Amino acid sequence: MKEEQSRQVVGVTGGGQGIGRAVAQSFAERGADVVVFDLEAQRQKAEETVRLVCAAGGQGAFIPLDVTATDQIGAAVEAGARAFGPFSVWINNAGVISRKAALEVQESDWDPVVDVCLKGTFFCAQAAARQMRTSGGGSIINMASVFGLTGGANRAAYAASKGGIVNLTRALAVEWFAYGIRVNAVAPTFVRTPLTDQLLTKGLDVPNMSFGERFATLDQVCAAIHFLASDGADAVTGHTLPVDLGWTAH
Ligand SMILES: NC(=O)c1ccc[n+]([C@@H]2O[C@H](COP(=O)([O-])OP(=O)(O)OC[C@H]3O[C@@H](n4cnc5c(N)ncnc54)[C@H](O)[C@@H]3O)[C@@H](O)[C@H]2O)c1
119 MKEEQSRQVV
129 GVTGGGQGIG
139 RAVAQSFAER
149 GADVVVFDLE
159 AQRQKAEETV
169 RLVCAAGGQG
179 AFIPLDVTAT
189 DQIGAAVEAG
199 ARAFGPFSVW
209 INNAGVISRK
219 AALEVQESDW
229 DPVVDVCLKG
239 TFFCAQAAAR
249 QMRTSGGGSI
259 INMASVFGLT
269 GGANRAAYAA
279 SKGGIVNLTR
289 ALAVEWFAYG
299 IRVNAVAPTF
309 VRTPLTDQLL
319 TKGLDVPNMS
329 FGERFATLDQ
339 VCAAIHFLAS
349 DGADAVTGHT
359 LPVDLGWTAH
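Using this note's numbering, you'd call the opening residue of the sequence shown number 119 and step up by one each time.
Shown next as C-alpha cells:
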C-alpha cells in the first residue's frame, strides 16, 4: 500500500461561489489548505468561502485576482504560496458564459468568454507550473465542460473556449510531464450553481434534454477533481474526465 498522501496546498480560481466554492470546501474537508482566487468584486463571497474552508478544518486565504489580468497572475500565485507553501494542486475553475446565436455574436460577446475561460486558464496554469517546477511537481486541473466535447447552439465562444481547454490540457501535460506536473481537466454537465440558476431563469436551450437527467451534483464534480488531484491518479495526465451522466457517450 502507498503511504498516506501528504498535505495538499490547493489554489482555486473563481472560488467565490458555485463549483469553485464547493471544490475549496471539499479539499479543506480532506485536510488541505486552500487559497481562493477571485475578482475583488467577489470579495465578500470569496471570504465566505474562506470561512467555510476554515470551518472544514483547513487553512484558507483569499487573494483577489482577475484571471484576465495576465500581468498580475504571477504575483498572485507567489502571494498564495507565501501563505501556506507551494501549491501542489491548482484548479483553473474561473469561467463565464454568454449565450447568443452565432450569427449575432460580436467581438464584445466573444472576447470576455475566451479571455476568462481560455486565456485565463493558460496563464494561471503557466504561473502555477513555474512554481510547481521548482517545488517538485503537482497537479493542475482545468474546468472544461460537456460543451468542450460536443457542440451546442448559442454558445460558440464558450464551446470554443472549453474545447480549447481540452486540447490545451493535452499540450501542457505533454510539455510538463518532465517536471512532475500532471495536467487534466473535468468536463461537467449542468450543475446547479449561480451560473446555471441565471441561465435557467432564461431557459436552457439544449435540444432533447430532460433536465432531471442532465444535472450532476457539486459532490460528483468534486469527487472527479479529487481523484485527478490524488496520488491514485499518478499515471493520469492529459485527459479530460466527463462528469456528465453519459451525455458525451451518446
Ligand atoms: N455550472 C455548470 O453547469 C457548469 C458546467 C460545466 C462547466 N462549468 C464550469 O465550471 C466553472 C465554474 O462554474 P460555476 O457554475 O461555478 O460558475 P459561477 O458563475 O457560479 O462561478 C464562477 C466564479 O468565477 C469567477 N470569475 C469570473 N470571471 C473571473 C475572472 N476574470 N477572474 C477570476 N474569477 C472570475 C466569478 O466571480 C465566480 O466566483 C466555469 O468554468 C464553468 O464554465 C460549469
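Glycine included, every Cβ here is placed at the ideal spot set by N, Cα and C. Treat the numbers as computed from the prediction; the structure is a model and nothing was measured.
query: How many Å lie between Thr98 and Ile209 at the Cα?; result: What is shown of the chain runs 119 to 368, which leaves residue 98 out entirely.
query: Since I believe Arg217 is in contact with Arg273 (beta carbons under 8 Å), could you give me their beta-carbon distance rounded to a whole number of angstroms?; result: 6 Å
query: Where Arg139 and Pro312 are concerned, what is the direct C-alpha to C-alpha distance, given to the nearest angstrom?; result: 11 Å
query: Taking a contact to mean a Cβ-Cβ separation below 8 Å, would you say Leu359 touches Val304 in this structure?; result: yes
query: Grouping DSSP H, G and I as helix and E and B as strand, with all else coil, what is Val361?; result: strand
query: With DSSP as the reference, label Val185 as helix, strand or coil.; result: coil
query: Leaving out five residues on either side along the sequence, give the residues of the same chain with a beta carbon under 6 Å from the beta carbon of Phe329.; result: Caution is warranted here: a pLDDT of 49 is assigned to Phe329, below 50, making its placement in the model unreliable, and the coordinate value is therefore given only provisionally. Here the set comprises nothing.
query: For Pro306, collect the residues of the same chain with a Cβ closer than 6 Å to its Cβ; drop the 5 residues on either side in sequence, then sort them by chain order.; result: Ala334, Val339, Val361
query: What does the Cβ neighbour count give for Ala159, buried or exposed, with the cut at 16 atoms within 10 Å?; result: exposed
query: List the residues that DSSP assigns as beta-bridge partners of Met261.; result: Val304
query: Apply the 10 Å Cβ neighbour rule to Gln126 and answer buried if 16 or more other Cβ atoms are within range, or exposed otherwise.; result: buried
query: Specify the secondary structure class of Gln135 as computed by DSSP and reduced to three states.; result: coil
query: With respect to 7 Å, is the separation between the Cβ of Pro204 and the closest non-hydrogen atom of ligand 1 below this value?; result: no
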